[in-house]
Each structure stands twice: as structure tokens, then as C-alpha cells.
Amino acid sequence: MVRPSKKTQIPNLQEAIKDMAWKQIAEFGAAALSLRAIARELKITAPAIYNYFPDRDALVTALIIDAYTSFGDYQIVSRDAQAGDDLAGRLRAIGYSYRQWALDYPQRYQLIFGTPIPGYKAPLMEILPSAARSLSALVSVIDELRIANKLQTENFPSIQPGYESMFDVWRGFAGDYDIFSLSVAMIIWSRVHGLVSLEVSGNMPPFGVDGSALYRFEIDSLIKQFIKNNFKGVLLCTQFLLPVYESVRFFLCRFLRITPCVRVCRLRNLKASLVSILALRRITSFGQRPFGKKSRR
869 MVRPSKKTQI PNLQEAIKDM AWKQIAEFGA AALSLRAIAR ELKITAPAIY NYFPDRDALV
929 TALIIDAYTS FGDYQIVSRD AQAGDDLAGR LRAIGYSYRQ WALDYPQRYQ LIFGTPIPGY
989 KAPLMEILPS AARSLSALVS VIDELRIANK LQTENFPSIQ PGYESMFDVW RGFAGDYDIF
1049 SLSVAMIIWS RVHGLVSLEV SGNMPPFGVD GSALYRFEID SLIKQFIKNN FKGVLLCTQF
1109 LLPVYESVRF FLCRFLRITP CVRVCRLRNL KASLVSILAL RRITSFGQRP FGKKSRR
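Here is the structure:
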């Protein structure tokens, strides 16, 4: 292969190699990643790539680190766009940006969270700093809630003996946050991650054309569960209940094939519950408190 002249040489070859790698992953999958194929597409010699990435695994590691970095930046920007004292709003923004980044960059999301590449063993200590940072936005808000005594964690499972050292390693890269805040963040992450992974892989249950309504409902459910006295979050989630009701109705009728009388009974009970919640929302929209004031002692 003829070496390209200076006029045709690529200004930033390292980034060009990674861009071509992402295109290759999008078309053929990460397992088919080939340095020689990238060299052919860029019209350069294979040794030119080896100057930057000695083998395929080195390139994969660089792509993973870049993906985690972009993922973390996206969430941090969304968090910081909200007022510092609006912790519920900051948590909601992080949750929305988590899903949006995955939908905007599905190949990157699948590379860091999807099926492992055969023969590739990730160098943990190289990847861990960017991986920990990708969750730092979430952990920071949870820790602020804990410090402000707004974190609601009754009956939360305790950290089992022997796992503290794993959290200590994580704290070394993600910041000196309380171990309890880290554990709560992990629970929240696992819940949103499950829904996003189902949607990105095309396995979303029948909750509409996409997972938007179900995901927003889950985010508001998390806010209701983990933030004390957050009535605003409870009311916001009601706007997504009717789409969920329609999806459940569709699922019961089409997939479960339950008998008509049982079907009608269950749907009526479900709809009655939704109507009650929406009525509560209408009451509070006129400035009335949904619950009585606590008496002062």
C-alpha cells in the first residue's frame, strides 16, 4: 500500500481511527472490529495504526474510555443545568439524560454495557476512572440528599460484610462520597439501566411506540421513593399514568387473553385508581394541600 502524501495525510489520525472504528461497530458489531479493515478504509498502512493502537484490544479500551467519558459529561451537564437546591429536578435531569445518551449513541452504550467481546479482557484500572465518573452525577445528588436529611431509605438493605473494600476502590475514582450514598445510587442506577437496556436492544414491553412514558413514570417513582416529602414529584408522575393504563389494557387484552368478565373487572379497578390520583392532582392544582397539616406539639 502506498503511503499517503503529506497533502492527503489525515490531520488527527488517532481520532480518525476511532471514528472509523465506531462506523465499523455500527455496521458489523464490536466483535468484528479489525485494525486492517480500518487501515483500508482510511487508505493508510497497518503500521500507521499500530503507532497509536498496538492491537485491537488497545483500540477497544480507548473506545470504552471515550464512551464512558461522553456518558458522564452528558449527565453532569444536565445536572448542572438545574438549580442547585432543586435536588429532585437534578435527579430527574440526570435520569432523562441517561436514557437520551443511550438512544443517541446506541453503539457506545452497547459497547460499555452490552455483550462482551470474545477474547477481550478489559483492563479494570484503566477503565475504572471514566466508568466511576459516568455515575458521579447521580452519586453526588444522592449524597446531597443524604446530607440535607432528605434521603428516604427506610428498610434499605445494609451493605454486607466484605463488600466495603469494593466501595472504597470506587470512591477512589468517583469522589469521597459516603458508602451509603453509593449503595443507594447503585440501586437507582440498576432500575433505570434495566429499562434503557431493554429499549436500546429493542425488547421494550408493550408500553407504547417507545419507552418514554414508562421511563418517565419510573423516574418519578424513584423520586417519590427516595426523596422525603416530595409532593411535586408525586403529582408530576400522574400525567404519565393514563398512557400506562392504555398500555396495560392492551397487554391484558392481547397477550394474556383473560376472560371478558375478569378483564373488565381488572381494568375498571385500575382505571378507578388512576382517576382518583388525577382527581388529587386537580385538587392540589388549586393550591389545596393533598394531606392535612401536622399538628404542632
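Residue numbers are given in our numbering: position 96 of the sequence shown equals residue 964, and the series is strictly consecutive. Here a beta-carbon is modelled for each residue, glycine too, at the ideal position from N, C-alpha and C.
If you reduce the DSSP assignment to three classes, tell me which class Val1116 lands in. Numbered from 1 along the sequence shown, position 248 holds the residue referred to as residue 1116. Per-residue confidence for Val1116 stands at a pLDDT of 46, beneath the threshold of 50, marking its modelled position as unreliable; no derived number is given.
For the pair the stretch 1082-1099 and the stretch 1063-1071, tell me if three or more CB-CB distances fall below 8 Å. The stretch 1082-1099 makes contact with the stretch 1063-1071, as at least three CB pairs between them are under 8 Å.
What does DSSP give as the partner residue(s) for Ile1095 in the beta ladder? Working through the sequence shown from its first residue, we reach residue 1095 at position 227. In the DSSP output, where bridge partners are listed per residue, Ile1095 has Leu1019.
What's the C-alpha gap between Gly1043 and Met993? Taking the first residue of the sequence shown as position 1, residue 1043 is located at position 175. Taking the first residue of the sequence shown as position 1, residue 993 is located at position 125. One C-alpha to the other measures close to 16 Å.
Inter-residue CB distance, Arg947 and Arg958 (contact presumed, cutoff 8 Å): On the sequence shown, position 79 is the one that residue 947 refers to. On the sequence shown, position 90 is the one that residue 958 refers to. The Cβ separation is near 5 Å, so the contact holds.
Leaving out the 5 sequence neighbours to the left and right, which residues in its chain are closer than 8 Å to Ile995 when beta-carbon positions are compared? Along the sequence shown, one-based indexing puts residue 995 at 127. Around Ile995: Thr929, Ile932, Ile933 and Tyr936.
Cβ of Tyr977 within 8 Å of Cβ of Ala970? One-based indexing of the sequence shown puts residue 977 at position 109. One-based indexing of the sequence shown puts residue 970 at position 102. Going by C-beta atoms, Tyr977 is nearer than 8 Å to Ala970.
Leu901 and Leu927 look like a contact to me (Cβ under 8 Å); what is the Cβ gap, rounded to whole Å? As a working mapping, residue 901 is identified with position 33 in the sequence shown. As a working mapping, residue 927 is identified with position 59 in the sequence shown. That pair is a contact at about 7 Å.
N-terminal and C-terminal residue of the alpha helix (DSSP H) that Lys891 is part of: Numbered from its first residue, the sequence shown carries residue 891 at position 23. Residues Leu881 to Phe896.
Supposed contact pair Gly940 and Ser1026 - C-beta distance, whole angstroms, cut 8 Å: Position 158 of the sequence shown, counting from 1, holds the residue named residue 1026. Position 72 of the sequence shown, counting from 1, holds the residue named residue 940. Contact doesn't hold; Cβ gap of about 28 Å is too wide.
Assign Val945 to buried or exposed, taking buried as 16 or more other Cβ atoms, counted over all protein chains shown, within 10 Å of its Cβ. Taking the first residue of the sequence shown as 1, we reach residue 945 at position 77. Looking at its Cβ environment, which holds fewer than 16 other Cβ atoms inside 10 Å, Val945 is exposed.
Decide if Ser1049 is buried, meaning its Cβ has at least 16 other Cβ atoms within 10 Å, or exposed. In the sequence shown, residue 1049 corresponds to position 181, counting from 1. Buried.
On the CB-based measure, 16 or more other CB atoms within 10 Å of its CB, does Phe1035 come out buried or exposed? In the sequence shown, the residue the question calls residue 1035 occupies position 167. Flag for Phe1035 reads buried.
Which of helix, strand or coil DSSP assigns to Ile995: One-based indexing of the sequence shown puts residue 995 at position 127. In this structure, Ile995 counts as helix in the three-state DSSP scheme.
Residue environment, Val1037, which counts as buried when at least 16 other CB atoms sit within 10 Å: In the sequence shown, the residue the question calls residue 1037 occupies position 169. Val1037 comes out exposed.
How about Lys1018 and Ile1095: are their beta carbons less than 8 Å apart? Here residue 1018 corresponds to residue number 150 of the sequence shown, with the count starting at 1. Here residue 1095 corresponds to residue number 227 of the sequence shown, with the count starting at 1. It is a contact, given that the beta carbons lie within the stated cut-off.
What residues in its chain sit with their C-beta under 7 Å from that of Ala1000, if we drop five residues either side in the sequence? On the sequence shown, residue 1000 is found 132 positions in, with the first residue counted as 1. Answer for Ala1000: Trp1038, Phe1041 and Ala1042, listed in chain order.
Quick one: any contact between the stretch 886-893 and the stretch 905-912, if contact means 3 or more CB pairs under 8 Å? yes
Let's test the definition: count the other Cβ atoms within 10 Å of the Cβ of Ala1053 and tell me whether it reaches 16, buried, or not, exposed. Translated into the one-based positions of the sequence shown, residue 1053 becomes position 185. Buried, by the Cβ-count rule.
Please classify Leu1135: does DSSP put it in a helix, a strand, or coil? Counting from one through the sequence shown, the residue named residue 1135 turns up at place 267. Residue confidence for Leu1135 is low, a pLDDT of 46 falling below 50, so the modelled location carries little weight; the figure read from the coordinates is stated next. Correct three-state label for Leu1135: helix.
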